[in-house]
Amino acid sequence: MESVRDSGRDAGQGQGQVLGREPGTGPAKGAGTDASAPDHRGDTAPRLAKDPAPEASDDRREGTGADPADRTGAADGTDTETVPHARGREQREQPQRDQRQEPGETGGDGEPGAEEDVWDDGLIARRVTETAKPAVPVVETRGPGAPPPAPLAYEGPLRSRLDALRELVGLSRTRLDSQTLSEAGRVLDEAAARRRLSGQHTVIAIAGATGSGKSQLFNALAGVAISETGVRRPTTASPIACSWSDGSAALIDRLGIPGRLRRRPVHNPEADAQLRGLILIDLPDHDSAVVQHREHVDRILKLVDAVIWVVDPEKYADAVLHERYLRPLSGHAEVMFIVLNQTDRLPGEAADLVLDDLRRVLDEDGVALGEYGEPGATVLALSALTGDGVGELRESLGQFVSERGAAARRVAADVDAAAAGLRPVYATGRRAGLSEEAREDFAARLADAVGATAAGEAAERAWLRNANRACGTPWLRLWRWHQGRADQPTGRLQQAQPEEEATARQRVEQAVRTVSDRASAGLPAPWAQAVREAAVRGSQGLPEALDDLATQAGLPPGRPPRPGWWPVAVLAQAAMTLLQVVGGLWLVAQIAGVMAPNLGVPVLLMVAGIIGGPLVEWGCRMAARGPARRYGLEAERRLREAAAGCGRARVLDPVAAELLRYQEVREQYARVTGTGAGVG
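Residue numbers (our numbering): 1017 to 1696.
Here you go:
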């Protein structure tokens, strides 16, 4: 920082800052007042070396009295307590301070009345020295009982989007890793923190590369040399805050700027009214060789409401600026000012040419330009050294600050950026879900695995066998019984059973893989993985459960039910058998001579019984086909439904739950993006 020990030079500049002098020096020459006149400058501003208020923070006490190098009321950092001349002025100021003292206050020396009317936010006030006559600056102060500034309010769509983002993060914590959700969580935290603070202030940072003149522009806007300028690089080592109105302490505390680096601008009623509510932050160089400086820039850029990017004619297209900051922050165009500084170095119309090329580069970065009334970044050209164009920037800042909408627009842009970063894990180009066709195919595969079709056919055969037993001829039934006893079971079936079980298990696993692949098709990777994991978890123990269901839902114990016509068929078959028996006995009696010979009637009875029995059996079999088929289909249906219910409970329901959760987060993501509909 340039030394301002030369009182005459600083007073001639009209910057109005505290002029610290070495002990023993006399009044400065050329100060704009008579050297023999009494020194009234001590009556124009509060004393800087004392603690501004009993409840002031440690940073503020440190900034005003702890470190001699930092206790400053001027740009040169001179400790006013070490200057005898300053002590003399403080003694002359004592009656005025006593009049402004609050009851019960004590000064830094423990004497009542030593503390004066102070800034409630710990900002170090600048003294005002006018060349014509000294004047006490008109300052905006709040008494101890004054209410704090009204907090920021998020209304309408922004509030809805923040609520949706909060819901989105909550629904996604068990499905997405913390790193994926970290930026969204940070946006929510910072939005909540900013909402609790003043809505009447706008925090704007001045950022730029080495040698761009951002500190010079900072001083030009403040009207006083607050930030150090010079050819040494880097010059600005720590962020410096300058506030145009009261109530900004909490906002500056949020930025982590200590009290010793907080300043007030020069008192100017017109400028104060124009920029009321502005908090201006001078940042270190974003391309500084010191890592800590770059960390300061990156940290504070995430917290401020708006940014003034200062570029110079030589490095306005610097790749570091555009690739690291402007391009990633292209969505924040409405809260950005792009200032081409040092136009005094450009001859003729070169400034316009460079400005046009700067607009071209910004357009390639995707930064919308606020031209022709459209929302976007404000691009200006000025010279902080000569003051050319500074007034236009001050006017733009005044209008920007007076709208009181920068903080909300910044939060909205942060939400947009967070939503864009989350798009790969929420948005998809295909319609995701579990179709009815996929459900039916899964149930069919499980039914095949459990052998539903074979079970139905077995039930049909069992019904037919029962019909044959009831309606068949006694001689045919006796033959079938004999054949059944003759056919001994071999080990082939017993050997094939484990193979069939292994095949059934493979079919179940294949069915689960197929349905999980169909359900996860088109989903973003994290949600597709969640769907597949849910299907795999549900498939554990599914083959065993299907076996139990097959046993329970298979053929009922005992014989199949009989239709109403079966007794008639049984009586008819018994009558045919009786005819055969009667005819046979009649013939035997005739042969034995017991009865008179008459072959016609007994032969006719026997032929009727022999032919009628198979005819009755054949008729019953034809009549039994329909009921047997229905019985088999019913058995197959029960087994299919049992298998489908088991698969639905164990696999489809967990998969559907994951898909429903994804549908919910997709709807919330649509609210976050402001589309109001599902995202493709």
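The beta carbon of each residue, even a glycine, is placed where N, CA and C say it ideally should be.
Grab the span of the alpha helix (DSSP H) containing residue i for me, first residue to last.
i	result
ILE1268	1265-1270
GLY1239	Counting along the chain, GLY1239 falls outside any alpha helix (DSSP H), and DSSP gives it neither H nor E.
SER1194	1194-1211
GLY1628	1616-1663
ALA1546	1541-1555
TYR1442	1422-1442
GLU967	With the chain covering 1017 to 1696 only, the question about residue 967 has no answer from this structure.
GLU1419	It is not in any alpha helix (DSSP H) - GLU1419 carries neither H nor E in the DSSP assignment.
VAL1185	1173-1188
ASP1288	1285-1290
For residue i, name the three-state secondary structure that DSSP assigns.
i	result
PRO1167	strand
LEU1296	strand
GLY1224	strand
ARG1521	helix
ALA1305	coil
LEU1401	coil
VAL1327	strand
ARG1447	coil
VAL1681	helix
ARG1310	helix
LEU1676	helix
ARG1376	helix
THR1489	coil
LEU1362	coil
VAL1219	strand
ALA1612	coil
LEU1562	helix
How should residue i be labelled, buried or exposed, when 16 other C-beta atoms within 10 angstroms of its C-beta is the threshold for buried?
i	result
MET1352	buried
VAL1547	buried
GLY1629	buried
MET1638	exposed
ASP1193	exposed
THR1394	buried
PRO1164	exposed
LYS1230	buried
Residue i lies in the beta strand (DSSP E); which residues open and close that run?
i	result
MET1352	1352-1356
TRP1602	No beta strand (DSSP E) contains TRP1602, which is instead part of the alpha helix (DSSP H) from 1582-1608.
LEU1396	1394-1397
ALA1257	1256-1259
Can you give me the C-alpha to C-alpha distance between residue i and residue j, rounded to a whole angstrom?
i	j	result
PRO1173	ALA1200	17 Å
ALA1208	ASP1368	42 Å
GLU1652	VAL1466	10 Å
GLU1387	PRO1363	25 Å
PHE1234	ASP1301	13 Å
VAL1528	SER1555	7 Å
TRP1325	LEU1342	9 Å
PHE1458	ALA1591	53 Å
GLU1330	LEU1371	12 Å
PRO1542	ALA1169	35 Å
GLU1183	PRO1540	19 Å
LEU1620	ALA1566	52 Å
LEU1675	ARG1553	15 Å
CYS1636	ASN1484	8 Å
GLN1415	GLN1290	8 Å
ARG1280	LEU1299	17 Å
VAL1383	VAL1282	34 Å
ILE1316	THR1444	34 Å
ALA1686	GLU1680	10 Å
LEU1237	GLU1171	32 Å
GLY1690	SER1532	31 Å
ALA1520	ARG1641	30 Å
ARG1212	GLY1239	31 Å
ALA1672	GLN1545	14 Å
GLU1473	ALA1658	17 Å
Going by C-alpha distance, which of the options is nearest residue i?
i	options	result
ALA1433	ARG1410, LEU1178, ALA1520	LEU1178
VAL1185	GLY1690, VAL1441, ILE1242	VAL1441
PRO1583	GLU1633, ALA1428, VAL1406	GLU1633
ASP1205	VAL1681, VAL1431, LEU1396	VAL1431
GLY1616	ALA1608, VAL1610, GLY1600	GLY1600
ALA1422	ARG1210, GLU1339, SER1231	ARG1210
ARG1439	ALA1537, LEU1197, LEU1277	LEU1197
LEU1374	TYR1332, ALA1544, GLU1411, SER1346	TYR1332
THR1190	GLU1549, ALA1585, ALA1335	GLU1549
SER1259	LEU1401, VAL1219, PRO1285	VAL1219
Is the shortest distance between the beta-carbon of residue i and the beta-carbons of chain C less than 9 Å?
i	result
SER1304	Going by chain labels, chain C is absent from the structure shown, which holds only one protein chain.
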